[in-house]
Amino acid sequence: MKKKRSKHEFRANTLPAMVTVGPMVLLLIFLVVAPLIFVAVMSFCQTDQYYNVVYKFTAENYSKLISPDYLKIYGQSILIALLTTIVCIIIGYPFAYIIARCKSKKKKLLYMLVIVPFWTNSLIRIYGWRTFLGSNGWLNSVLQNLHIIKEPVDFLYKTGTTVLGMVYCLIPFMILPLYTAIEKLDGSLLEASSDLGAKPYKTFLEVIIPLTSGGIFSGSIMVFIPCLGYFFVSNILGGGNTDMIGNLIERQFKSANNWPLGAALSIILIVVTLILVKIYQKLGGDMEDLGV
Amino acid sequence: MSRGKLFKRALSIALTGAMALSVFTGCGGSDSSAGKNGELNIFVWTEYVPDSVIKKFEKETGIKVNVSTYSSNEDMLSKVKSESAGAYDIVQPSDYMVEQMISQNMLEKLDFDKLPNFSNIGDSYKNPDYDPGNVYSVPYLGGAGAIVVNTKKIDKDIKSYADLFDSSLEGKLVVLDDFRAVIGMTNKALGYDFNETDKDKLKKTEEKLKQLKKNVVLYDSDSPKSAIISGDCSAGMIWSAEVAMAMDENPDVEVVYPEEGPYLFFDNWCITKDSPNYDNAIKFINFMMDPDNMVLVLKEFPYLCANTKAIEEMGEEYSSNPAKNPPEDVIKKGSYVKNLDSDILDKYSEMWTKLKK
């Protein structure tokens, strides 16, 4: 009797769970957990004279990371990411507001305008900016033809150009969560606010902003974190003069060929990310808003 | 959840895992045996081997060629190491990297009975220091880290690497995104050895790099000519063949070989250890040493060529152009990258981080 029941249970509960969840669990173990553990282990390894990885414990990779040169690079990465996030909020918020408040036909069109550029490879779009901003590029020739400037201006290979490229690549990640938050906004609350005598700017600051703060937070996280790793933007538009954490990691795995040091840098980046997400949760953010 | 249930669930997950694993190993097994004298996998520099030449080889021999590309020797080395034997049959390492791969036992000896076209290679290019007797490698193309100048935009007369450190060039230079080339150039500007190992001298080099940091706006190894042609940069240190291509586009651009003697490189054809396609690989290398095929290469990528027969076929226009065919005395004065001890190399790496921070 008991045996029969357990067989039934196996068919009813365990088998479906095994078939449906099992592959997913395995996929996660093989493709996420195992590589992460591998990276963590490698960050404590040494290299031989040919820079082959030797599995022998050392904490030297982490002590190397505290050098002033690296600290400067972390600092400027965080600064660039912060600037990018702020610019994304300033441009993205009004845009998301307009989309959310539009009639449905226009709304679809505006929504597509945000999504469609995504269908082209971001590397190609960044090279496009390089052609556009170059000293013989479109922008300079238009400005010269309009007699606004006499000599071509050097737009390229500056920190500001890097920020521009980052904003361009990442702004959809800001607009989409903001749009969702503003869409959910209850119109009657806004009416109540104005009925009670609040001026529009006051309604905006004290009603709209607090109610959409979830969207602002999740957008910021989704812009800030990838920004730290987008090494190609600072290579192409920044000229490789202002390294970010992503450039450092890329170099250790490629030209410098020092994988353990690269692994240690990656671990630091993961730790920074986790701290940021924790802060986000502490501030009352919802993990579901992040789409993770 | 009862203990029995938990155990069963864990068991089921483990079983599914075993099943999935067997699928993966199945793939791996069939992959490695399929390559035997079949398709040829070659791993070469970007912008270095024209597609038309590869197509010609496929047409003549019926052997399919899969091309992958890299843009630094170290990149190639780490990829070859991390793949199983036979993932790449042919690689194209530079001088110092050939030496490194030989000492790590990563290359296969070449069978010169099957390479009759080796006779087309000039004697001065045979028997190099990095591979005495050409046991593992045959030379393909090379070049110099030449100085490029747009004479319309730069008034200063630039003759040496040291001149590139002049403060009048602030924000105007493009240099290779390659730490050995750039730091080696700085060593030379100070009158030191290209591969300097003296720590006190390297301290001075580090000081000198601070001026270079102000002058350089772009680090690019893939296509540094673009910034010169577009006018975003007006001078720099780039591959000699890239200067040649920029000169074709813009008549104001000139090539200058530094008084100190330039940085030189030479790339070679090699076969990886345990390549399953050894015979086809040898056929390919022999094909690439045929003068007619080298002419096709040189028309597209005008680098310094080891194939004297091909140079004869190219005629005056190629051989008299100093950017395409660097003069002999320049080559004599030049220096190659040498393998350094890892503590010195770490120092170079550190200086590079300082330059790019």
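Residue numbers (our numbering), protein chains in the order written: chain A, 1 to 292; chain B, 1001 to 1357. Where a beta carbon is used, it is the ideal one built from N, C-alpha and C, also for glycine.
Per DSSP, B:I1154 is not a residue of any alpha helix (DSSP H), being assigned neither H nor E. Less than 9 angstroms divides the Cβ of B:N1286 from the Cβ of B:P1116. For B:I1282, the closest of B:A1085, B:F1118, B:V1044, B:Q1104 by C-alpha to C-alpha distance is B:F1118.
As computed with DSSP, A:Y50 is found in no beta bridge at all. Nearest to A:N52 by alpha-carbon distance, out of B:F1057, B:S1082, B:N1041, is B:S1082.
Contact note: A:K254 reaches chain B through S1072, E1074, D1075, S1078, using a C-beta cutoff of 8 angstroms and chain order.
Residues of the segment 155-167 of chain A with a C-beta less than 8 angstroms from any C-beta of chain B: L156, Y157, listed in chain order.
Between the segment 196-206 of chain A and the segment 42-62 of chain A there are fewer than three inter-stretch CB-CB distances shorter than 8 angstroms, so the stretches are not counted as touching. Any Cβ of chain B closer than 9 angstroms to the Cβ of A:T20 would place that residue at the interface, and such an atom is absent.
For the beta strand (DSSP E) assignment, the uninterrupted runs of no fewer than 3 residues enclosed by the segment 1112-1179 of chain B are, from N- to C-terminal side, 1138-1150, 1173-1175. Proximity of A:N145 to chain B, defined by a Cβ-Cβ separation below 9 angstroms, is not satisfied. Runs of the alpha helix (DSSP H) lying entirely within the segment 24-103 of chain A, each at least 4 residues long, are 34-42, 60-64, 68-101 in chain order. Selection B:E1039, B:P1128, B:D1113 evaluated against B:Y1088 yields B:E1039 as nearest (Cα-Cα). Among the residues of the segment 124-148 of chain A, those with a Cβ less than 7 angstroms away from any Cβ of chain B are G134, S135, N136, in the order of the chain. In the three-state scheme derived from DSSP, where H, G and I count as helix and E and B as strand, B:D1279 is classed as helix.
Along the segment 1247-1335 of chain B, the beta strand (DSSP E) occurs as fully enclosed runs of 3 or more residues at 1253-1256, 1263-1272, listed in sequence order.
Distances from the alpha-carbon of A:M174 to those of A:I208, A:S194, A:G215, A:S135 put A:G215 closest. Taking C-beta atoms as the reference points, B:P1139 and B:I1121 count as a pair closer than 9 angstroms.
A Cβ of chain B is located within less than 9 angstroms of the beta carbon of A:T242.
Against chain B, the CB of A:N257 has a partner CB under 9 angstroms away; the residue lies at that interface. Neighbours of B:F1179 in chain A, taken as residues at a C-beta separation under 7 angstroms, are given in chain order as S255. Annotation: A:M166 to A:I115 spans about 16 angstroms, alpha carbon to alpha carbon.
The beta carbon of B:V1330 sits closer than 7 angstroms to the beta carbons of A1144, Y1257, P1262 from its chain, once the five residues preceding and following it are set aside; these are given in chain order. The residue among A:P177, A:L31, A:F204 with its C-alpha nearest the C-alpha of A:G187 is A:F204.
Note: B:S1094 is bridge-paired with B:D1267 in the DSSP secondary-structure output. Burial of B:F1043 is indicated by the presence of at least 16 other C-beta atoms within 10 angstroms of its C-beta. With a threshold of 9 angstroms between beta carbons, A:L79 makes no contact with chain B. Fewer than three Cβ pairs drawn from the segment 1069-1086 of chain B and the segment 1311-1324 of chain B lie within less than 8 angstroms of each other, which leaves the two stretches out of contact. Contact between the segment 153-171 of chain A and the segment 228-244 of chain A is present: three or more C-beta pairs spanning the two stretches fall below 8 angstroms. In this structure, DSSP gives B:V1067 an extended state, which the three-state scheme calls strand. Scanning B:Y1048, B:D1051, B:K1056 for the CA closest to the CA of B:D1290 turns up B:K1056.
Note: B:G1236 is bridge-paired with B:V1148, B:V1174 in the DSSP secondary-structure output.
Scanning its chain for C-beta atoms nearer than 6 angstroms, with the 5 sequence neighbours on each side dropped, one finds around B:M1245 the residues K1225, in chain order. Interface flag for A:G239 against chain B is set, since a Cβ pair is found closer than 9 angstroms. The residues I1090, Q1092, S1137, V1138, Y1140, I1285, M1288, in chain order, have a CB closer than 7 angstroms to that of B:W1269 in the same chain once the five nearest residues on each side in sequence are set aside.
Under DSSP, B:E1108 forms a beta bridge with B:I1271.
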